[in-house]
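Residue numbers (this note's numbering): 16 to 200. Backbone N, C-alpha and C define an ideal beta-carbon position, used for all residues, glycine too.
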């Protein structure tokens with residue numbers, strides 16, 4: 016999905032890697048070209064579910080399924096979280112041509128190189144923190160990982176559950192319970 020390799024299971028990680036690739040190439044980052052965050056994808060899935068249920072004649076509260084009412088009109092909830100962690104939005108990165116020595120933009124401001132740096136990508140340079148994996152720092156908070164897992168579970172078909180109505184109904188009840196649990200927290 017979104018052009019990600021089949022091995023990439025987490026949308027936030029792929030979003031971060033897409034961002035890093037754009038910045039390494041000195042290309043301006045257009046947020047509209049990045050995959051959505053997990054929180055944005057979750058809201059989209061809620062709206063899709065709501066729409067399908069509406070078509071099936073089931074009445075649901077739209078405000079519980081990715082919509083808000085504003086001036087008597089439904090408007091989509093795009094996301095409940097910021098587009099990226101503040102630490103990422105404030106990241107400084109360099110585009111050194113080799114080694115990341117004394118002329119390194121990151122080093123000059125006292126920061127280690129990261130995966131968004133153009134030449135070294137935060138690996139095998141003179142200004143890297145041992146064991147640093149910036150993508151993990153930015154992409155795998157507990158909340159975001161839970162959202163990624165929920166969306167991965169939702170999008171991964173389970174053939175045995177699709178064969179009978181009772182299993183399908185149980186899956187729908189599970190989704191509603193998960194949704195209700197999230198609304199409470």
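query = Looking only at its own chain, which residues have a Cβ that is under 6 Å from the Cβ of residue 110, when we skip the five neighbours before and after it?
reply = 133
query = With DSSP run on the structure shown, which of helix, strand or coil describes residue 25?
reply = coil
Beta-carbon contacts of residue 78 that lie in its chain and below 7 Å, excluding the five residues immediately before and after = 84
task = Report buried or exposed for residue 129, applying the criterion of at least 16 other Cβ atoms within 10 angstroms of its Cβ.
result = buried
Inter-residue spacing [alpha-carbon to alpha-carbon] between residue 61 and residue 80 = 5 Å
ask   = DSSP on residue 74, reduced to helix/strand/coil?
value = coil
ask   = Roughly how many angstroms lie between the CA atoms of residue 93 and residue 137, to the nearest whole one?
value = 32 Å
ask   = Is DSSP giving residue 89 helix, strand or coil here?
value = strand
ask   = residue 34 to residue 63, Cα distance in whole Å?
value = 27 Å
query = Over what stretch of residues does the alpha helix (DSSP H) that includes residue 122 continue unbroken?
reply = 120-123
ask   = With burial defined as no fewer than 16 other Cβ atoms inside 10 Å of the residue's Cβ, what is the status of residue 65: buried or exposed?
value = buried
ask   = Who are the Cβ neighbours of residue 142 in its own chain at under 7 Å, not counting the five residues just before and after it?
value = 115, 119, 121, 122, 127 and 128
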